[in-house]
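First up is the structure itself, then whatever we jot down about it.
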Ligand code: GLC
């Protein structure tokens with residue numbers, strides 16, 4: 174690293190600190206050669222950004238991903254020093270941008286398993302599918318400690334305690350990174366979002382909600398709740414950490430020198446690199462981007478997820494160094510950390526996708542791990558009159574509810590698109606299909622979304638719950654089960670059928 178660093182120009186150094194969302198590689202249209210001309214160190218797909226043809230038709234296959242990222246890598250390898258770029262995605266519950274990838278329960282479901290070993294195995298499976306597409310970095314695990322169900326990212330946390338975040342987060346990191354980061358089936362993990370993202374107050378966030386808001390806590394409480402998961406992540410060897418949009422006691426985390434440099438890199442001894450969130454530095458001093466760049470880099474940020482105006486970012490960063498507003502030693506520390514990770518990943522030796530892994534994407538073996546995780550993530554809230562477990566050989570089951578035969582709603586946010594969506598968005602088994610696959614051949618399974626026609630069944634299984642959402646779109650103070658869902662439950666009940674309700678949601682709801 175030091176040898177390479179000593180040969181790099183300032184332009185080459187700041188290029189490594191710049192991360193660009195690939196669809197935004199644009200002067201006019203998609204200008205991929207900027208990867209070479211600016212020496213961009215990292216690219217990403219935001220939620221839902223998959224490969225497209227030259228006329229912008231989506232081609233969401235593992236091969237197309239590997240072809241696209243290898244093409245980008247070709248530009249990086251064509252730079253003077255041939256420093257490979259590092260590509261990142263939000264593989265937060267499987268390689269969830271990729272059609273046909275194995276999808277797992279979100280972290281809230283994994284936390285409910287109380288089984289870190291299965292969390293580790295889920296991460297290992299995900300790492301293989303991510304690496305198969307030429308991607309070697311996931312922006313996961315989220316080790317937030319969500320303290321309110323009003324937060325739209327509640328389901329991205331493992332649960333409401335620091336212990337759940339720490340234990341499961343460490344297991345996920347070990348699963349993603351393995352014992353040797355250079356192994357072709359291991360990928361760089363990224364603990365996020367540092368820190369206190371799950372402790373913000375309603376009304377202080379985006380659009381008057383909670384997400385990206387302000388966490389008001391004294392230092393003792395802040396450390397106990399929101400810093401502990403990062404101590405565990407650093408101990409588990411995490412080599413990248415993403416900084417939170419949120420503030421602590423009014424100070425933006427992206428500008429918090431004491432926490433980023435003093436505590437995380439100093440006290441906890443974090444050796445990897447810090448990456449901003451998407452446009453996360455822009456909010457430090459709205460309208461004064463130069464100050465945003467200076468404040469964030471000097472606070473300890475090493476790589477900036479710009480993600481679009483990269484020429485402007487690079488110009489301002491270079492100017493700030495030549496004006497001595499950012500020291501060369503700070504730049505060298507950032508670039509050293511980034512290069513160290515790239516060497517450990519084996520990117521210099523093997524910059525391109527390992528195509529031998531493609532056949533493992535969505536494999537039966539991988540899906541068996543996901544099915545086990547789903548099974549263990551289910552939580553029985555109550556069981557009156559011994560209605561559960563259902564006995565084998567039951568005569569007839571009537572299935573109802575909007576979430577019964579809807580794969581997209583079952584997967585939630587961050588699936589194929591950023592917000593997720595209803596319907597057949599990818600490959601998987603709906604709850605209705607699973608019931609049909611599981612019962613005895615003699616059991617009759619009927620279905621109506623409304624519950625009509627349930628009369629005469631031995632039991633009604635009514636599957637209701639939330640529609641998909643992500644980030645601030647999920648902020649709400651109304652956690653009641655919807656009236657429409659309650660009406661379906663009532664409809665089946667009034668037909669004299671015992672009811673089993675299945676609640677598909679990213680958080681506890683008022684039922
Ligand atoms: C989003 C999220 C972050 C994600 C990043 C890239 O806004 O806050 O979790 O990793 O942008 O998609």
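Residue numbers (this note's numbering): 174 to 684.
Heads up, the beta-carbon is just placed ideally off N, CA and C, and yes, glycines get one too.
- DSSP places residue 186 inside the alpha helix (DSSP H), whose first and last residues are 183-189.
- Relative to the ligand GLC, the nearest heavy atom lies less than 7 Å away from the CB of residue 312.
- Counting along the chain, the unbroken alpha helix (DSSP H) around residue 539 starts and ends at 537-550.
- Look at residue 451: its beta carbon is less than 7 Å from one of the heavy atoms in the ligand GLC.
- As the crow flies, the alpha-carbon of residue 361 is around 27 Å from that of residue 501.
- According to the DSSP secondary-structure assignment, residue 364 is paired through a beta bridge with 414.
- Around the beta carbon of residue 180, fewer than 16 other beta carbons lie within 10 angstroms, which makes this residue exposed.
- Between the region 221-233 and the region 549-560, the count of C-beta pairs closer than 8 Å stays below three; the two stretches do not touch.
- The ligand GLC never approaches residue 506 closely enough for any of its heavy atoms to be under 7 Å from the residue's Cβ.
- Of the candidates 352, 427 and 227, the residue whose Cα lies closest to the Cα of residue 473 is 427.
- The beta carbon of residue 675 is closer than 6 Å to those of 636 in its chain, skipping five residues each way along the sequence.
- A distance criterion of 7 Å places the beta-carbon of residue 219 in contact range of the ligand GLC, judged by its closest non-hydrogen atom.
- Within the model, the alpha-carbon separation for residue 384 versus residue 645 is close to 5 Å.
- Here the alpha carbons of residue 542 and residue 535 stand approximately 11 Å from one another.
- Taking C-beta separations shorter than 6 Å and ignoring five residues to either side along the sequence, the partners of residue 207 in its chain run 198, following chain order.
- DSSP places residue 287 in the coil class of the three-state scheme, outside both helix and strand.
- Cβ-Cβ distances below 6 Å link residue 212 to 185, 188 and 252 in the same chain, with the five nearest sequence neighbours on each side left out; the list follows chain order.
- When C-beta atoms of the region 372-387 are compared with those of the region 339-353, fewer than three pairs fall below 8 Å, so the two segments do not count as touching.
- One Cα belongs to residue 532, the other to residue 519, and the distance between them is close to 22 Å.
- Take residue 570, set aside five residues on each side of it, and the residues of its chain with a beta-carbon closer than 8 Å to its own are 563, 608, 612, 616, 617, 618, 619, 630, 631, 632, 633 and 634, in chain order.
- The ligand GLC has no heavy atom closer than 7 Å to the beta-carbon of residue 426.
- Shown here for residue 574: same chain residues with a beta carbon closer than 6 Å to its own, the five before and five after excluded, namely 635, 636, 637 and 661 in chain order.
- The distance from the Cβ of residue 475 to that of residue 510 is about 5 Å, consistent with a contact at the 8 Å cut-off.
- Taking 3 residues as the shortest admissible run, the region 431-492 contains the following complete beta strand (DSSP E) segments, listed from N- to C-terminal end: 446-448.
- One thing to note: residue 325 has its Cβ within 8 Å of the Cβ of residue 643.
- If only uninterrupted beta strand (DSSP E) runs of at least 3 residues are considered, those enclosed by the region 597-653 are 617-620 and 632-638.
- In this structure, the alpha-carbon of residue 463 lies about 47 Å from that of residue 579.
- Annotation: residue 521 to residue 256 spans about 7 Å, alpha carbon to alpha carbon.
- Contact between residue 281 and residue 323 fails: their C-beta atoms lie close to 14 Å from each other, not under 8 Å.
- If you draw a straight line from the Cα of residue 559 to the Cα of residue 672, it comes to about 11 Å.
- Judged by the Cβ position, residue 415 qualifies as a neighbour of the ligand GLC at the 7 Å threshold, a heavy atom of the ligand being closer than this.
- When DSSP states are grouped into helix, strand and coil, residue 268 belongs to the coil group.
- When DSSP states are grouped into helix, strand and coil, residue 594 belongs to the coil group.
- Taken from the Cβ of residue 365, at least one heavy atom of the ligand GLC lies inside 7 Å.
- Positions of the alpha helix (DSSP H) runs, each at least 4 residues long and wholly inside the region 290-374, are given as 335-350 in order along the chain.
- Exposed is the label assigned to residue 497, since fewer than 16 other Cβ atoms lie within 10 Å of its Cβ.
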